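A.B. asks: Got a structure here, written out as structure tokens. Questions coming.
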């Protein structure tokens, strides 16, 4: 019997794109961080799976050249993740685990028709702001494992809505799903999710309300009578922090929502085989304009902070795994370099300085002291437009060499405490600590996760442990 079942991956990200051709598969290679390197993460082409749009036939396509194509003549190529069914079972007394294939189904007198899929996605941005059920946009598709045609995800307002954002008879395309047909070469059970094109939709009277968003007529069908079209934020409303999260929010626009909705969504993928059910999550994101730049704090870091935070506070974590810890620290500083390469630090520093001044004026403290917290305007460098950004990149390039960083820690015992911002609740002041002038999603200065920061402190302490006092 099949004892357990799960979907792999348990969480996947799709990326919007109008191109009919999905982005080719690729893997990250060694970082190009040598002295004359680019400082970028290297994306290496890999074989891609191609699903026939009509019958779901699955074939493998080798890499097309030595470069990954993120765009074509149609625009961005969407990223369309697969979800594979995995499990553990016992067949004729022999235990096995891995992808559940048609051979495994045959052993239990099952067929792909006995595999039931359900995909539920929603765009809840308007609902999040208005908290009105009528402003929900949901889509659901149910499909059996032997049905291989592409199925659209049609986003609609609830049928019981009194003031529906999406009028009856209309729908916001939220992508599609398809079940590839198992074969001898690819016997596994899969579902492919394809996101939408990346379009924006508005109410029928948008052109009377504003000329700033010239959308095509076919994208103007939302109801101007919806609560979303009359939503106004209030001061420090946590639903709209940081500010400017919806069209119409600025004082210039009057502060009332223009009623625009995009085709981003997220939701659940569920598969059922007999009495077993497995779920995974799908998240749709905008195109990433820096695919060779990794963030210094990733989703994985956030999840590790929730379930593995305590481990780095145990002295044995660093002392028992010195090489592993060093590699984790080096990876963090490599990602910090990559993030620095995608940020205009000069512009961010100006914004941070303005926010500090605004905070000081609001509480009646010294504006000069608030201004002095951030970096002053740097002396221009010859041939360099963004002097502060360039200085930061040069320093971070040195930090990515672990030996240099270790020597720095030995020479300056309090380096981490002085130059890396610790996680702090609602600290409104920007300063010169890393990450410099970057704003978090909570509208406060961004910081590392607690686990990342505690790991850095513990690692720095271990580096200093072998240093003779006074040397």
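Residue numbers (the working numbering): 101 to 571. The beta-carbon is built from N, C-alpha and C at its ideal position, and this holds for glycine as well. These numbers were taken from a predicted model, which means no experiment stands behind them.
Taking the alpha helix (DSSP H) that residue 204 falls in, what are its first and last residues?
C.D. replies: One-based indexing of the chain shown puts residue 204 at position 104. 202-207 is the span of the alpha helix (DSSP H), which, as asked, contains residue 204.
A.B. asks: DSSP three-state label for residue 223, please.
C.D. replies: Here the question's residue 223 lines up with position 123 in the chain shown. Strand, per DSSP.
A.B. asks: Are three or more beta carbon pairs between the region 546-564 and the region 491-510 nearer than 8 Å?
C.D. replies: These segments touch.
A.B. asks: Tell me whether residue 484 sits in a helix, a strand or coil according to DSSP, three-state version.
C.D. replies: As a working mapping, residue 484 is identified with position 384 in the chain shown. The answer is strand: DSSP assigns residue 484 an E or B state.
A.B. asks: At which residues does the beta strand (DSSP E) containing residue 550 begin and terminate?
C.D. replies: Locating residue 550 in the chain shown gives position 450, where the first residue counts as 1. Element bounds for residue 550: not the beta strand (DSSP E) but the alpha helix (DSSP H), 550-564.
A.B. asks: What is the DSSP secondary structure of residue 576, counted as helix, strand or coil?
C.D. replies: Here the chain comprises residues numbered 101 to 571, so residue 576 is not present and cannot be evaluated.
A.B. asks: Any contact of the region 480-499 with the region 517-528, i.e. 3+ C-beta pairs under 8 Å?
C.D. replies: Contact fails: fewer than three Cβ-Cβ distances are below 8 Å.
A.B. asks: State buried or exposed for residue 104, treating a residue as buried only when at least 16 other CB atoms are found within 10 Å of its CB.
C.D. replies: As a first step, residue 104 must be located in the chain shown, where it is residue number 4. Residue 104 is exposed by the Cβ-count criterion.
A.B. asks: Going by DSSP in three states, residue 309 sits in which element: helix, strand or coil?
C.D. replies: One-based indexing of the chain shown puts residue 309 at position 209. Correct three-state label for residue 309: helix.
A.B. asks: Leaving out five residues on either side along the sequence, give the residues of the same chain with a beta carbon under 6 Å from the beta carbon of residue 111.
C.D. replies: As a position in the chain shown, residue 111 is number 11, starting the count at 1. So the list reads 381, once near-sequence residues are dropped.
A.B. asks: What is the C-beta distance between residue 148 and residue 161, in whole angstroms, given that I count them as a contact (C-beta under 8 Å)?
C.D. replies: Counted from its first residue, the chain shown places residue 148 at position 48. Counted from its first residue, the chain shown places residue 161 at position 61. Indeed they touch by this definition, with Cβ atoms about 5 Å apart.
A.B. asks: Could you check what DSSP says for residue 505 in three-state terms: helix, strand or coil?
C.D. replies: Locating residue 505 in the chain shown gives position 405, where the first residue counts as 1. DSSP places residue 505 in helix when its eight states are reduced to three.
A.B. asks: Give the range of the beta strand (DSSP E) segment to which residue 378 is assigned.
C.D. replies: Counting from 1 along the chain shown, the entry for residue 378 is found at position 278. Its beta strand (DSSP E) spans residues 376-385.
A.B. asks: So does the region 371-378 actually touch the region 340-349, counting three or more Cβ pairs closer than 8 Å?
C.D. replies: No, they do not touch.
A.B. asks: Quick one: residues in its chain with C-beta nearer than 7 Å to the C-beta of residue 315, no 5 flanking neighbours on either side, listed in chain order?
C.D. replies: Sequence index remark: in the chain shown, residue 315 carries index 215 (1-based). Cβ within range, chain order: 300, 302, 306.
A.B. asks: Hey, is the region 389-401 in contact with the region 266-276, meaning 3+ C-beta pairs nearer than 8 Å?
C.D. replies: Touching, no.
A.B. asks: Relative to the C-alpha of residue 357, which candidate in 262, 486, 312 has its C-alpha closest?
C.D. replies: Indexing the chain shown from 1 puts residue 357 at position 257. That would be 312, whose Cα lies nearest to the Cα of residue 357.
A.B. asks: When we look at the beta-carbon of residue 334 and count the other beta-carbons within 10 Å, is it buried (16 or more) or exposed?
C.D. replies: Residue 334 sits at position 234 when you count from the first residue of the chain shown. The residue is exposed, with fewer than 16 neighbouring Cβ atoms inside 10 Å.
A.B. asks: Given a cut-off of 9 Å, decide if residue 361 and residue 223 are closer than it, judged by their beta-carbon atoms.
C.D. replies: Within the chain shown, residue 223 is the residue found at index 123, counting from 1. Within the chain shown, residue 361 is the residue found at index 261, counting from 1. Closer than 9 Å, so yes.
A.B. asks: Rounded to a whole number of angstroms, what is the C-alpha to C-alpha distance between residue 213 and residue 174?
C.D. replies: Position 113 of the chain shown holds residue 213. Position 74 of the chain shown holds residue 174. Distance between the alpha carbons of residue 213 and residue 174: 36 Å.
A.B. asks: State the Cα-Cα distance for the pair residue 254 and residue 322, rounded to the nearest angstrom.
C.D. replies: The residue given as residue 254 occupies position 154 in the chain shown. The residue given as residue 322 occupies position 222 in the chain shown. When rounded, the distance between both Cα atoms is 14 Å.
A.B. asks: Find out if the Cβ-Cβ distance for the pair residue 123, residue 170 is shorter than 9 Å.
C.D. replies: To locate residue 123, count along the chain shown from 1; it is residue 23. To locate residue 170, count along the chain shown from 1; it is residue 70. Yes, Cβ-Cβ distance for residue 123 and residue 170 is below 9 Å.
A.B. asks: Three Cβ pairs or more, each shorter than 8 Å: is that satisfied between the region 397-409 and the region 179-199?
C.D. replies: Taking 8 Å as the limit for Cβ pairs, the verdict is that the region 179-199 does not touch the region 397-409.
A.B. asks: Give the range of the alpha helix (DSSP H) segment to which residue 423 is assigned.
C.D. replies: One-based indexing of the chain shown puts residue 423 at position 323. It spans 422-440 - the alpha helix (DSSP H) in which residue 423 sits, taken as one unbroken run.
A.B. asks: May I ask which residues mark the beginning and end of the alpha helix (DSSP H) holding residue 454?
C.D. replies: For the purposes of this step, residue 454 is identified with residue 354 of the chain shown, where counting begins at 1. Per DSSP, residue 454 belongs to the alpha helix (DSSP H) from 445-463.
A.B. asks: Alpha carbon to alpha carbon, what distance is there between residue 428 and residue 422?
C.D. replies: Translated into positions along the chain shown, residue 422 becomes position 322. Translated into positions along the chain shown, residue 428 becomes position 328. Distance between the alpha carbons of residue 422 and residue 428: 10 Å.
A.B. asks: Within 10 angstroms of the Cβ of residue 131, are there 16 or more other Cβ atoms? Answer buried if so, exposed if not.
C.D. replies: Within the chain shown, numbered from 1, the residue matching residue 131 stands at position 31. Label assigned to residue 131: buried.
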